[in-house]
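To start, the structure itself, in structure tokens.
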Ligand SMILES: Cc1cc2nc3c(=O)[nH]c(=O)nc-3n(C[C@H](O)[C@H](O)[C@H](O)COP(=O)(O)OP(=O)(O)OC[C@H]3O[C@@H](n4cnc5c(N)ncnc54)[C@H](O)[C@@H]3O)c2cc1C
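The structure is reproduced here in structure tokens:
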């Protein structure tokens, strides 16, 4: 067995406008910061099905071009082409409403007066069942075949949900893939990160990477954050603290003594383990007020009692031959799909087969000809001898 470079351009960029807005907020553009986005095409993905269609077809492509997509679906189910046009309109409506109302908003704001006011313009065109009804069930109005419904609801998995329990508003994920498009940043996500860093630094930001946060500091009343304390003993004053740690572990930063409890174990940094970390934790504990520390401990303990599971199991395989049927991204949908989803949600008997996704980088020759994901880094050749 020979070692191969495992990293390949597998990450895809969704919601491109969100990235454009972030750069615009810094007074610049993606292009000015050297970030080029290429739309993945002609299909966003290829979906493989365990049970073939009547004509023997085992896979369908999520094509960017709506007419081609409708024609493809009509070929496997009479009426599905027209159903697709109606589905796409609904998915786009959900997207136009869901981005400003759900995605751009802080959780607490959803039911606030401002949140509800922002929802008003969309209400005349919204069907509550289409928004809040079970996702798979709502798609029955467009597609009779369960495989087709799975093809347009598997995106619920991105946010850890099941189409058999998620509300249909999550159709906005398929909506952005099929209307805004699925994109690839040339050079990978590192190009986006570097561009964002350059733009932020040009605005005067100072980026300090590799610094472990040991605790979040608050004022004496515990009502406002005042900054963070670092594991090396330093501190950074701040008016706002954006904490991207897993949520239970994030709350533990208000009371670092709670980080030995369930739910705080995070592979992504943390304050436990070493003497230095223990000392930093003690310092950090003093940085948050007793009220804030108690709140952090309570939230951490509450979330720690939930049942945790791995969202993803990832394999990196290097093959000695090329598999031509695979596109840049392929999704494998099990015929046990419903049971797979339901058993996970209800702790029933495990499904024998589940859904999987594969990202397959193409050859250097394909990259050069523009036929692959156009990463321009020379995708790792699957067919190398
Ligand atoms: C298999 C897989 C494939 C995916 N594919 C895609 C894709 O194609 N496209 C896409 O858009 N998204 C994809 N995602 C999702 C994407 O990776 C996440 O949404 C994204 O990384 C979340 O970013 P984040 O900054 O919120 O959190 P994270 O990426 O988890 O970053 C949190 C950071 O905080 C650091 N940290 C934690 N504790 C501390 C501490 N005490 N002090 C200092 N630092 C700390 C961690 O080290 C980490 O770097 C994928 C996810 C998985 C698992």
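Numbering (my numbering), first residue to last: 38 to 422.
Glycine included, each C-beta is placed from N, C-alpha and C at the ideal position.
Per-residue DSSP class, three states only, for residue 267: Strand.
Residue from 245, 370, 136, 294 with nearest C-alpha to residue 338: When the alpha-carbon of residue 338 is set against those of 245, 370, 136, 294, the nearest one is in 294.
Residue 326 and residue 257 closer than 9 Å at C-beta: Yes; because the gap between Cβ atoms is below 9 Å, this pair is in contact.
Residue burial classification, residue 238 (beta-carbon count within 10 angstroms, cutoff 16): It is exposed - the Cβ of residue 238 has fewer than 16 other Cβ atoms within 10 Å.
Residue environment, residue 262, which counts as buried when at least 16 other CB atoms sit within 10 Å: Looking at its Cβ environment, which holds 16 or more other Cβ atoms inside 10 Å, residue 262 is buried.
Contact under 9 Å by Cβ, residue 223 with residue 60: The answer is no: Cβ separation not under 9 Å.
Contact test: residue 266 Cβ vs ligand 1 heavy atom, cutoff 8 Å: Not a single heavy atom of ligand 1 lies less than 8 Å from the C-beta of residue 266.
Presumed contact (8 Å Cβ cut-off) between residue 288 and residue 336, rounded CB distance: Cβ-Cβ separation between residue 288 and residue 336: approximately 4 Å, consistent with a contact (criterion under 8 Å).
Segments of 3+ residues assigned as beta strand (DSSP E) that fall wholly inside the segment 81-157: List check, beta strand (DSSP E) in window: 96-100.
Per DSSP, cross-strand counterpart(s) of residue 252: DSSP, once it has assigned bridges, lists 266 as partnering residue 252.
Burial state of residue 215, where buried means 16 or more other Cβ atoms lie within 10 Å: By the beta-carbon neighbour count (other beta carbons within 10 angstroms, threshold 16), residue 215 is buried.
Closer than 8 Å: residue 47 CB and nearest ligand 1 heavy atom: A distance criterion of 8 Å places the beta-carbon of residue 47 in contact range of ligand 1, judged by its closest non-hydrogen atom.
DSSP-derived helix/strand/coil call for residue 220: In the three-state reduction of the DSSP assignment, residue 220 falls in the strand class.
Residue 266 versus residue 207 - alpha carbon distance: Approximately 38 Å, taken between the alpha carbons.
Rounded Cβ spacing between residue 212 and residue 291 (contact assumed at less than 8 Å): With a Cβ gap of about 37 Å, residue 212 and residue 291 do not count as contacting.
Terminal residues of the beta strand (DSSP E) in which residue 74 lies: From DSSP, the beta strand (DSSP E) with residue 74 extends over 74-76.
According to DSSP, residues forming a beta bridge with residue 369: In DSSP, residue 369 forms a bridge with 85, 393.
Residue 63 CB to nearest heavy atom of ligand 1 below 8 Å: Residue 63: no, Cβ never under 8 Å from ligand 1.
Sub-9 Å separation of residue 193 and residue 210 beta-carbons: Yes.
Terminal residues of the alpha helix (DSSP H) in which residue 165 lies: Here the alpha helix (DSSP H) through residue 165 covers 165-169.
Beta-ladder partner(s) of residue 274, from DSSP: Beta-bridge pairing links residue 274 to 264.
Range covered by the alpha helix (DSSP H) that runs through residue 288: Where residue 288 is concerned, the enclosing alpha helix (DSSP H) starts and stops at 284-289.
Burial state of residue 161, where buried means 16 or more other Cβ atoms lie within 10 Å: Residue 161 counts as exposed, since fewer than 16 other C-beta atoms from the protein chains shown sit within 10 angstroms of its C-beta.
Any non-hydrogen atom of ligand 1 closer than 8 Å to residue 424 Cβ: There is simply no residue 424 to check, as the chain begins at 38 and stops at 422 in what is shown.
Given 8 Å, three or more beta-carbon pairs between the segment 163-180 and the segment 117-134: The segment 163-180 vs the segment 117-134: in contact.
Touch test, the segment 137-152 against the segment 65-84, Cβ-Cβ under 8 Å, three pairs minimum: The segment 137-152 is not in contact with the segment 65-84.
For residue 50, the three-state DSSP class (helix, strand or coil): Here residue 50 sits in strand by DSSP.
Euclidean distance between Cα positions of residue 47 and residue 76: Distance between the alpha carbons of residue 47 and residue 76 is about 14 Å.
Cβ-based burial, residue 110 [other Cβ within 10 Å; buried from 16]: Burial of residue 110 is indicated by the presence of at least 16 other C-beta atoms within 10 angstroms of its C-beta.
Cβ-Cβ distance between residue 367 and residue 82 below 9 Å: For residue 367 and residue 82, yes; Cβs fall inside 9 Å.
Residue range of the alpha helix (DSSP H) that includes residue 226: Membership of residue 226 in the alpha helix (DSSP H) is indicated by the continuous run 226-239.
Residue 338: first and last residue of the uninterrupted alpha helix (DSSP H) it sits in: If you look at residue 338, you'll find it in the alpha helix (DSSP H) that goes 327-341.
Reduced DSSP secondary structure (H/G/I, E/B, other) of residue 57: Helix.
Simplified DSSP state of residue 293, which is helix, strand or coil: Three-state result, residue 293: helix.
Where the alpha helix (DSSP H) containing residue 183 begins and where it ends: Per DSSP, residue 183 belongs to the alpha helix (DSSP H) from 183-188.
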